[in-house]
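Start counting the sequence shown at 7; every next residue gets the next number (the numbering used here).
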Amino acid sequence: MRKIILGGAGALFMVGAFAAPASADVGDGNLACNSGEICYARDSDNTNYQKHFWDAGWHTSYTFTDVRNGNGGQGNVRDGADQIRNRDTQCYVKVVDDHGVLPDDYHSYANNSTWYVLHSDIKNQNDRHERC
């Protein structure tokens, strides 16, 4: 039995070692929050600092961009977002504060292009988001 477990772990390691790295999700690459994107803003009172996504994803390693001048590195998206604007063309977006093995906190937002202040359970505690 020990060989099977070690063999399985070795095979899993080998698959992970050769997997292609995930590409960064930058939305459409423009400063405006455009149709199809899921956009986050850093502050509750303005939308000057944003991050745009095309798809579901973890917020780790992403930072906000100042949409007035294009300067990046304006604070971490993970646990730093105050607002969301869902411009996804197909479905709602669920923002999640991931607790690992414990139940997660989450809130869903309709795809109606409105800026929403994140629900208090996930405001500045956003780890990831899911589509549909």
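The beta-carbon is built from N, C-alpha and C at its ideal position, and this holds for glycine as well. A quick note: this is a predicted structure, and the numbers were derived from the prediction, not measured.
- Membership of Q56 in the beta strand (DSSP E) is indicated by the continuous run Y55 to F59.
- Within the same chain, and ignoring the five residues on either side of A116 in sequence, the residues whose Cβ sits closer than 8 Å to its Cβ are N92 and Y98.
- Secondary structure note for D133: it is in no beta strand (DSSP E), with a DSSP letter that is neither H nor E.
- Under the criterion of beta carbons closer than 8 Å, H125 and H113 qualify as touching, at roughly 4 Å.
- If the five residues before and after N40 are omitted, its C-beta is found closer than 7 Å to the C-beta atoms of D34 and R93, all from its own chain and listed in chain order.
- Counting C-beta atoms within 10 angstroms of its own C-beta, C45 has 16 or more neighbours from the protein chains shown and is therefore classed as buried.
- Between T66 and Y55, the C-beta gap is not smaller than 8 Å, which leaves the two residues out of contact.
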